[in-house]
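Novice:
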Amino acid sequence: MLNFLRIASAITIVFALGGHISAAEVPDVEIARVAEAWATIEYHQAGDPHRLTNALALEDTAAALSERFPQAAEALFWQANALLLTADIMHSLGSLEKVRRARTLLEQAEALAPASGAIKALLGSLYYEVPGWPIGFGNRNKAAAYLQRALEVDPEGVDANYFMGDFLLQSGKPTEAAAHLEKALAASQGMAPSVAVDGRRQEIQHVLDEARKRTLH
54 MLNFLRIASA ITIVFALGGH ISAAEVPDVE IARVAEAWAT IEYHQAGDPH
104 RLTNALALED TAAALSERFP QAAEALFWQA NALLLTADIM HSLGSLEKVR
154 RARTLLEQAE ALAPASGAIK ALLGSLYYEV PGWPIGFGNR NKAAAYLQRA
204 LEVDPEGVDA NYFMGDFLLQ SGKPTEAAAH LEKALAASQG MAPSVAVDGR
254 RQEIQHVLDE ARKRTLH
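Per my numbering, the sequence shown starts with residue 54, numbered consecutively.
(1) Can you round the beta-carbon distance between residue 112 and residue 93 to whole angstroms, since I take them to be within the 8 Å contact cut?
(2) With 16 as the cutoff for other CB atoms within 10 Å, does residue 266 come out buried or exposed?
(3) On a Cα-Cα basis, can you pick out the residue from 82, 84, 96, 137 that is closest to residue 249?
(4) On a CA-only basis, which of 167, 156, 187 is nearest residue 196? Give me that one, please.
(5) Tell me whether the beta-carbon of residue 260 lies closer than 8 Å to the beta-carbon of residue 221.
(6) Exposed or buried, residue 146, counting other C-beta atoms within 10 Å across all chains shown (16 or more means buried)?
(7) Can you have a look at residue 159 and say buried or exposed, based on whether 16 or more other CB atoms are within 10 angstroms of its CB?
(8) Sorted by chain position, which residues of the same chain lie with C-beta nearer than 7 Å to residue 192's C-beta, five sequence neighbours on each side aside?
(9) Relative to the alpha-carbon of residue 256, which residue among 229, 270, 224, 212 has its alpha-carbon at the smallest distance?
(10) Can you look up residue 208 in the DSSP assignment and give me helix, strand or coil?
(11) Measure the CB-CB distance between residue 79 and residue 116 and report whether it falls below 8 Å.
(12) Let me make sure I understand the geometry here. Which of 87, 142, 83, 121 has the alpha-carbon closest to that of residue 98?
(13) Our contact map puts residue 207 next to residue 170 with C-beta atoms below 8 Å; I'd like the distance itself, whole angstroms only.
(14) Following the continuous alpha helix (DSSP H) through residue 98, name the residue where it begins and the one where it ends.
(15) Residue 190: which of 172, 227, 149 sits nearest, CA to CA?
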């Protein structure tokens, strides 16, 4: 079974709500609506029998937004987020096709917004969370490269530090991981909905606690 849990649950909220980063302007209210719906499904609907239905509806909404604004990195980014959320809820081998589509959208978003650390960080997370050949496209070398570039463009960012910390922890480097996770926990989360901020902080704290525990052994 593929593990998309951390990919979906650790997706940034700050990126889209922190201001426009591409030439094509998407109305803030539309991005905010998608972001808040994502956060509600992710953090408040665990065990809800309608969760998958709601995620698929959000996927359609996000796809329609990126179709209207194909040159807006924010729209492509949130379509990718919606696909990853659905993949996590489905949690099956069929989820991999959604993850592949999300990767393509993120690559397109990166081309439109090369200064975004959030996009690079999320791409990096895909490469270390998705299985490698012959099942998937996972590649730890690519993961490390994307995460390093994310830190170069956004050294204080939540996403760059969270995903680098998680990657280092999985790589058996808990001390280095803790340093990045502490920075992620202290970072500003901008205008993100409170439901997203609270859920995100809990996730970061959980991984940080694990890193600290491993440094004691």
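Glycine is no exception: its CB is placed at the ideal position from the N, C-alpha and C atoms.
Specialist: A quick look at the data gives this:
(1) About 14 Å separates the two Cβ atoms, so there is no contact after all.
(2) exposed
(3) 96
(4) 156
(5) no
(6) exposed
(7) buried
(8) 180, 185
(9) 212
(10) coil
(11) No, they are not a contact pair.
(12) 142
(13) 3 Å
(14) Careful: residue 98 lies outside any alpha helix (DSSP H) and carries neither H nor E.
(15) 149
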